[in-house]
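First the structure, in the form of C-alpha cells, and then the observations on it.
Number of protein chains: 2
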Amino acid sequence: MNYETYFQNHREQHLEELKELLRIPSISALSEHKSDITQAANWIADKLRQAGMDKVEVHPTTGNPVIYAEHLQAPGCPTVLVYGHYDVQPVDPLHLWETPPFEPTIRDGKLYARGATDDKGQLFLHIKAVEAILKEEQKLPVNIKFCIEGEEEISSPSLPAFLESHAEMLAADAILISDTSLLEPGKPAICTGLRGLCELEISVHTANTDLHSGTFGGGVPNALHALVSLLTSLHDEQGRVAVEGFYEGVHDLTPEMREEFAKQKFNEDKLKTSLGLDSLYGEEGFSFVERTGARPTLELNGVYGGFQGEGSKTVIPKEAHAKITCRLVGQQDPQATLDKVERHLHANIQSGAKITVVKGESARAFTIDPSDPMLQKAADAYERIYGTRALFTQDGGSIPIVETLSRVLSAPAVMMGFGLPDENLHAPNEHFNLENFDKGMLTIVEYLKSL
Amino acid sequence: MNYETYFQNHREQHLEELKELLRIPSISALSEHKSDITQAANWIADKLRQAGMDKVEVHPTTGNPVIYAEHLQAPGCPTVLVYGHYDVQPVDPLHLWETPPFEPTIRDGKLYARGATDDKGQLFLHIKAVEAILKEEQKLPVNIKFCIEGEEEISSPSLPAFLESHAEMLAADAILISDTSLLEPGKPAICTGLRGLCELEISVHTANTDLHSGTFGGGVPNALHALVSLLTSLHDEQGRVAVEGFYEGVHDLTPEMREEFAKQKFNEDKLKTSLGLDSLYGEEGFSFVERTGARPTLELNGVYGGFQGEGSKTVIPKEAHAKITCRLVGQQDPQATLDKVERHLHANIQSGAKITVVKGESARAFTIDPSDPMLQKAADAYERIYGTRALFTQDGGSIPIVETLSRVLSAPAVMMGFGLPDENLHAPNEHFNLENFDKGMLTIVEYLKSL
Numbered sequence: 001m002n003y004e005t006y007f008q009n010h011r012e013q014h015l016e017e018l019k020e021l022l023r024i025p026s027i028s029a030l031s032e033h034k035s036d037i038t039q040a041a042n043w044i045a046d047k048l049r050q051a052g053m054d055k056v057e058v059h060p061t062t063g064n065p066v067i068y069a070e071h072l073q074a075p076g077c078p079t080v081l082v083y084g085h086y087d088v089q090p091v092d093p094l095h096l097w098e099t100p101p102f103e104p105t106i107r108d109g110k111l112y113a114r115g116a117t118d119d120k121g122q123l124f125l126h127i128k129a130v131e132a133i134l135k136e137e138q139k140l141p142v143n144i145k146f147c148i149e150g151e152e153e154i155s156s157p158s159l160p161a162f163l164e165s166h167a168e169m170l171a172a173d174a175i176l177i178s179d180t181s182l183l184e185p186g187k188p189a190i191c192t193g194l195r196g197l198c199e200l201e202i203s204v205h206t207a208n209t210d211l212h213s214g215t216f217g218g219g220v221p222n223a224l225h226a227l228v229s230l231l232t233s234l235h236d237e238q239g240r241v242a243v244e245g246f247y248e249g250v251h252d253l254t255p256e257m258r259e260e261f262a263k264q265k266f267n268e269d270k271l272k273t274s275l276g277l278d279s280l281y282g283e284e285g286f287s288f289v290e291r292t293g294a295r296p297t298l299e300l301n302g303v304y305g306g307f308q309g310e311g312s313k314t315v316i317p318k319e320a321h322a323k324i325t326c327r328l329v330g331q332q333d334p335q336a337t338l339d340k341v342e343r344h345l346h347a348n349i350q351s352g353a354k355i356t357v358v359k360g361e362s363a364r365a366f367t368i369d370p371s372d373p374m375l376q377k378a379a380d381a382y383e384r385i386y387g388t389r390a391l392f393t394q395d396g397g398s399i400p401i402v403e404t405l406s407r408v409l410s411a412p413a414v415m416m417g418f419g420l421p422d423e424n425l426h427a428p429n430e431h432f433n434l435e436n437f438d439k440g441m442l443t444i445v446e447y448l449k450s451l
Numbered sequence: 001m002n003y004e005t006y007f008q009n010h011r012e013q014h015l016e017e018l019k020e021l022l023r024i025p026s027i028s029a030l031s032e033h034k035s036d037i038t039q040a041a042n043w044i045a046d047k048l049r050q051a052g053m054d055k056v057e058v059h060p061t062t063g064n065p066v067i068y069a070e071h072l073q074a075p076g077c078p079t080v081l082v083y084g085h086y087d088v089q090p091v092d093p094l095h096l097w098e099t100p101p102f103e104p105t106i107r108d109g110k111l112y113a114r115g116a117t118d119d120k121g122q123l124f125l126h127i128k129a130v131e132a133i134l135k136e137e138q139k140l141p142v143n144i145k146f147c148i149e150g151e152e153e154i155s156s157p158s159l160p161a162f163l164e165s166h167a168e169m170l171a172a173d174a175i176l177i178s179d180t181s182l183l184e185p186g187k188p189a190i191c192t193g194l195r196g197l198c199e200l201e202i203s204v205h206t207a208n209t210d211l212h213s214g215t216f217g218g219g220v221p222n223a224l225h226a227l228v229s230l231l232t233s234l235h236d237e238q239g240r241v242a243v244e245g246f247y248e249g250v251h252d253l254t255p256e257m258r259e260e261f262a263k264q265k266f267n268e269d270k271l272k273t274s275l276g277l278d279s280l281y282g283e284e285g286f287s288f289v290e291r292t293g294a295r296p297t298l299e300l301n302g303v304y305g306g307f308q309g310e311g312s313k314t315v316i317p318k319e320a321h322a323k324i325t326c327r328l329v330g331q332q333d334p335q336a337t338l339d340k341v342e343r344h345l346h347a348n349i350q351s352g353a354k355i356t357v358v359k360g361e362s363a364r365a366f367t368i369d370p371s372d373p374m375l376q377k378a379a380d381a382y383e384r385i386y387g388t389r390a391l392f393t394q395d396g397g398s399i400p401i402v403e404t405l406s407r408v409l410s411a412p413a414v415m416m417g418f419g420l421p422d423e424n425l426h427a428p429n430e431h432f433n434l435e436n437f438d439k440g441m442l443t444i445v446e447y448l449k450s451l
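Protein sequence lines, in the order shown, are assigned to chains A and B.
Every letter in the first sequence is one number past the one before it in UniProt numbering, and letter 39, counting from 1, is 39.
Every letter in the second sequence is one number past the one before it in UniProt numbering, and letter 59, counting from 1, is 59.
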C-alpha cells in the first residue's frame with residue numbers, strides 16, 4: 001500500500017472534485033447564498049458516501065445544515081471526529097481578484113478560489129484520506145466520525161446546540177481539525193491556542209437628514225467627524241486598546257512563553273517585504289508572534305458614511321457606520337469585553353451625535369497542553385511526511401467552535417493545519433499550495449494509522 | 001397688466017413644464033449621465049426660444065454645454081445677464097427619498113425632486129418671468145442675456161475659459177443669479193457673500209492585500225485605523241481646524257459684523273428642532289450664522305474602507321478613503337489651503353501606512369458691497385412682493401463661478417435667492433416651496449421693470 005502512488009494516480013481527479021466544491025459560492029454571511037449553502041452541504045454528503053462512510057446524514061439546524069457521517073468498524077480502537085466547515089467568507093472587493101473567486105484556477109502550484117484553504121480545501125483532504133484507506137485496505141484503522149458545519153465564518157451560531165443535543169452520537173477520543181496553517185513552507189505546526197472573538201457594529205447619527213456642507217458646514221455636527229474621532233479614541237498612541245478594563249484576564253507573558261515564541265524564529269523583515277510594508281504596527285513592547293499569538297486586539301473591519309461615488313459631493317452626512325471585531329486571549333470574557341467597549345463608545349461620543357451599538361457573536365479563547373498524546377502523535381505524523389517535527393504554536397485567529405467542541409465532547413482538539421499564513425484567507429486571491437494538498441492527505445493517513 | 005393673474009392662469013402649465021425638466025437626471029458628477037446633461041441643455045434652449053428670446057445658442061465646451069440667449073431690444077437701458085445651472089447633485093442615499101428623485105411630486109405645497117430648488121426650479125423662474133413680460137407687453141424693460149451652465153455642481157471647470165473667450169458677448173451691467181435662499185419663509189435675503197471652496201480626496205494604503213484579522217490582527221497596520229486617526233487630527237477639541245496656517249486670510253469678526261449677523265435674529269433652537277439635534281456643533285465662540293457665514297470649515301463628505309455588507313467580515317483592509325471639502329472666507333487662498341492640508345496629512349500619517357492626496361476644484365470666497373444700486377433695487381423689488389425688505393446676508397455655501405463671473409465681466413452679482421435653507425439641497429428629499437415659486441416670478445418681473 002503506497003499511498004504516495006495512490007494519491008499521485010488520483011491527483012487530477014481529486015483536484016477536479018475539489019474545484020467542483022469551490023465553484024459553489026457558499027457564503028454564510030450573505031443570505032442570498034442560502035441555496036448555495038444547501039448545494040455545498042449536499043455535495044459534501046455525497047462525497048462522504050462515495051468515500052465509503054457507512055452512514056451519512058444532513059441534519060437541518062435553525063441555521064445551515066450540519067453533515068454527520070460515521071464509519072465505526074474498529075472495535076477497541078479510538079474514535080476520531082473530523083470537524084470542518086463548508087461555508088466561506090464574502091469576496092469583496094471583487095475587483096482585486098486576479099481570477100474570479102468562484103472559478104478555481106491553478107497557477108504556479110497554487111489553487112486560487114474563495115475557500116481554497118479556508119476550509120473547503122483542507123476539509124477535502126480528510127474525505128480523500130479516508131477514501132484512500134478504505135479503497136486500499138477495505139477497512140479503517142480507527143473509528144471515524146465527521147461533523148461538518150456551514151456557519152463557521154459567522155461564528156457557528158447553530159452548532160453549540162447541535163453538539164449538546166447530539167453529544168452521544170458525536171462522542172470521540174479526539175477532535176481532528178484542519179483549519180490552521182503551517183508556520184511556513186515545509187515547517188509544520190500544531191496549533192495549541194486560538195484567540196477568542198467578539199464583534200460589534202456602531203452607527204452614529206446626527207441630523208435627521210443629510211445637509212449641504214456650504215449652508216451648514218461648520219455649524220452642525222457631522223456624523224463622519226463624530227465617528228472617526230470616536231474610533232480614534234479606541235486606541236492610544238502606543239497602539240494599545242484604550243478601553244477601560246479591556247486587558248482584564250490577559251495573562252502577562254512569562255520568560256518561558258517568550259522563549260517558546262522565539263523558537264519560531266519568525267522573520268519580521270520577510271513578512272514586511274511580502275506584505276509590501278515599510279514597518280509593522282502594533283502594541284509597543286511585543287514581537288509580531290507575541291502580538292498575534294498572546295495579545296488581544298481591536299480591529300476596524302469596515303467604516304463607511306457619506307458619498308463614495310465618482311467625483312465630489314458637498315454633503316454633511318447624517319449617519320456613519322463601523323464594524324469592529326476584537327480578538328481575545330487568556331481569560332478575557334467576550335460579553336464583558338463588548339460591554340466595556342460599548343461603555344467607552346457612549347462615554348466618548350461627540351456632543352450633537354447619537355450612537356447605537358449592536359453586539360454580534362462572541363467566543364472565548366482556547367488552549368490545549370502540547371503534551372497530550374493525541375497531539376504528540378500528530379507531531380510524529382508530520383515528521384514522517386514533512387521530514388521535520390511540528391512546532392506547537394498559538395494562532396492569532398479564532399475558530400470559535402473549537403473551544404465548544406472540546407468542552408462539550410470532553411475530547412482534545414488536534415489542530416493539524418495544512419494552510420500557509422500568506423494564503424489570503426478572508427481576502428482577495430485566497431489560495432491553497434498544492435504541495436500541502438499532497439502532503440496533507442499523506443499526513444492524515446499516517447496519523448490515523450498511528451492511533 | 002396684472003402679472004399675479006397671469007402667473008395664476010399659467011400656474012398648472014408652468015409646473016408641468018418644470019416637472020419635465022426635473023425628470024431629466026442631469027447629474028454632472030457622474031459620467032454615465034452625459035446624455036441627460038445634453039437633454040437638459042436642449043430643453044432649456046427650447047424653453048428660452050419659446051419664451052421669445054431673439055437668439056438662443058447651445059455652446060459646446062470642453063465639458064458640458066453652455067446655453068447663451070439674448071434679447072437686446074432696449075437701447076439705452078441696462079443689460080442684465082441671468083446666470084443659472086441645469087446640472088444637479090447625485091442622489092444617493094436613494095433609499096432615503098420618500099418619492100424618487102427624478103419623479104417630481106407635489107406634497108403640502110412643495111415640489112419634491114433633485115434640482116427642485118438647486119437650481120432648475122430657481123432658474124426656471126427667470127425664463128418664465130421674461131416670457132410673461134414679452135407675452136403681456138411684447139417688449140422687455142431691459143436688455144436680457146442668459147448664460148446657463150451644466151457644471152456648477154462640479155465647480156464649473158469649463159465656464160471660466162468660456163467667459164474669458166466670450167466676454168464681449170456676455171457683457172452686462174449686472175449679473176442676476178437665483179441660486180440662494182430666503183432667510184426663512186416670508187423673510188427675503190440678498191446674498192452679499194459666499195464662501196470659497198477647495199476639495200481633496202485621500203487614500204491610505206497599508207499592506208499589498210487585505211489580511212485576516214485573526215492571523216494578523218494587532219501585528220500589522222490597519223488602513224482604517226490609520227485613516228480615522230489622521231482624519232481626527234484635522235480638528236482640535238474646540239472644533240477648530242488643526243491644520244497649521246489654515247486660518248491665514250480669515251478676517252476677525254468686527255463688532256459691526258457681529259451686529260449685522262445678530263440682525264438676522266437667527267433661531268438656533270428652531271434649527272436644532274427641525275434637524276432633530278440635541279445640540280449644534282462647531283468652532284467655539286461663534287454663533288451658527290457666524291460659523292457658516294464668516295468662518296471657514298473643513299468637512300468630511302465621505303469616508304469608506306473595508307467591509308460594508310451584511311453581517312461581519314474579519315478583515316484588515318489594505319486601503320481606506322476619504323473625501324474632504326473646505327469652505328473658505330475672506331482672503332484664504334484655495335490652492336495654498338490645499339497645500340497646507342496636504343502637508344498636515346503627510347506629517348501625521350501613522351507609521352506603516354502611506355497616503356495619496358488628489359486635489360480637486362477650488363474657488364475663492366466672494367463678497368459685494370450691499371450699497372450697490374443694483375442690490376438696493378433688488379431689495380425694493382422683494383419689498384413690493386414679500387411686504388418686507390430683504391436683509392443682506394452672507395451665505396455659507398459656495399457658487400464658485402460667482403466670483404469669476406463678477407471679476408471677468410466687471411459687473412455686480414445680484415444674488416436674489418428664492419429657496420429656503422431647509423429645502424434639502426444636496427440631500428434626499430430636495431424640494432422647492434411653491435409659495436416662493438409664485439412670488440419669485442413676480443419679484444423678478446418687478447426687478448427687471450425697476451431697472
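All residues carry an ideal CB built from backbone N, CA and C; glycine is no exception.
- Short of 6 Å from the beta carbon of A:Ile175, and not among the five residues preceding or following it, lie these beta carbons of its own chain, in chain order: Leu81, Tyr83, Leu405, Ala411, Ala413.
- Neighbours of B:Asp210 in chain A, taken as residues at a C-beta separation under 9 Å, are given in chain order as Pro93, Leu96, Asn424, His426, Ala427, Pro428.
- B:Glu32 is classed as exposed because its beta carbon has fewer than 16 other beta carbons within 10 Å across all chains shown.
- Taking each of B:Gly217, B:Arg384, B:Glu201 in turn and checking the Cα distance to B:Lys187, the smallest one comes out for B:Arg384.
- For B:His321, the enclosing beta strand (DSSP E) covers residues 319-328.
- In the displayed model, A:Thr356 falls within a strand according to three-state DSSP.
- If the five residues before and after A:Leu442 are omitted, its C-beta is found closer than 7 Å to the C-beta atoms of Tyr3, Glu4, Phe7, Ile385, all from its own chain and listed in chain order.
- Against chain A, a Cβ distance below 8 Å from B:Ser362 picks out nothing, because the smallest value is about 11 Å.
- Contact between B:Val228 and A:Val303 holds: their C-beta atoms lie close to 7 Å from each other, under 8 Å.
- In terms of Cβ geometry, A:Glu361 and A:Pro157 form a close pair [threshold 8 Å].
- For secondary structure counted as the beta strand (DSSP E) over 3 or more consecutive residues, the region 338-424 of chain A holds these complete runs in sequence order: 354-363, 391-395, 413-416.
- Assigned with DSSP and collapsed to three states, B:Phe124 falls in helix.
- Taking 8 Å as the cut-off, the Cβ atoms of B:Leu22 and B:Lys120 count as close.
- Two segments are said to touch when three or more pairs of C-beta atoms, one from each, lie closer than 8 Å; by this definition the region 107-117 of chain A touches the region 430-440 of chain A.
- Contact annotation: B:Tyr247 and B:Cys147 have beta-carbon atoms that are not nearer than 8 Å.
- Of the candidates A:Leu197, A:Val220, A:Thr367, the residue whose Cα lies closest to the Cα of A:Ala207 is A:Val220.
- Going by beta carbons, B:Ser398 and B:Leu194 fall inside the 8 Å limit.
- DSSP links B:Asn143 through a beta bridge to B:Thr79.
- The straight-line gap separating the alpha-carbon atoms of B:Val58 and B:Lys145 is approximately 13 Å.
- Against chain A, a Cβ distance below 7 Å from B:Asp278 picks out Gly352.
- Of all residues in the region 188-199 of chain A, only Leu194, Arg195, Leu197, Glu199 come within less than 9 Å of chain B when Cβ atoms are compared, listed by chain position.
- Residues Lys128 of the same chain have their beta carbon placed closer than 6 Å to that of B:His14, with the five preceding and five following residues left out of the count.
- The Cβ-Cβ distance between B:Leu140 and B:Leu448 falls below 8 Å.
- Taking 8 Å as the cut-off, the Cβ atoms of B:Asp92 and B:Ser26 do not count as close.
- By the Cβ test, the region 374-382 of chain B is not in contact with the region 330-346 of chain B, since fewer than three Cβ pairs between them sit closer than 8 Å.
- Per DSSP, the unbroken beta strand (DSSP E) holding B:Ala174 starts and ends at 174-177.
- Within chain A, the residues Asn301, Thr325, His426 have their CB atoms less than 7 Å from the CB of B:Thr314, given in chain order.
- Taking a Cβ-Cβ threshold of 7 Å, the residues of chain A close to B:Pro421 are Thr215, in chain order.
- Beta-bridge annotation (DSSP): A:Asn433 is paired with A:Lys110.
- Taking each of B:His10, B:Glu16, B:Ala161 in turn and checking the Cα distance to B:Gly63, the smallest one comes out for B:Ala161.
- In the DSSP assignment, A:Tyr6 forms no beta bridge with any residue.
- DSSP places A:Ser203 inside the beta strand (DSSP E), whose first and last residues are 196-205.
- Chain-order list of chain A residues neighbouring B:Tyr86: empty, with the shortest C-beta distance near 17 Å, by a criterion of under 9 Å.
- A:Asn301: member of the beta strand (DSSP E) spanning 297-306, first to last residue.
- Interface annotation for the region 142-171 of chain A against chain B: Glu153, Ile154, Ser155, criterion Cβ-Cβ distance under 9 Å.
- In the three-state reduction of the DSSP assignment, A:Tyr281 falls in the coil class, being assigned neither a helical nor a strand state.
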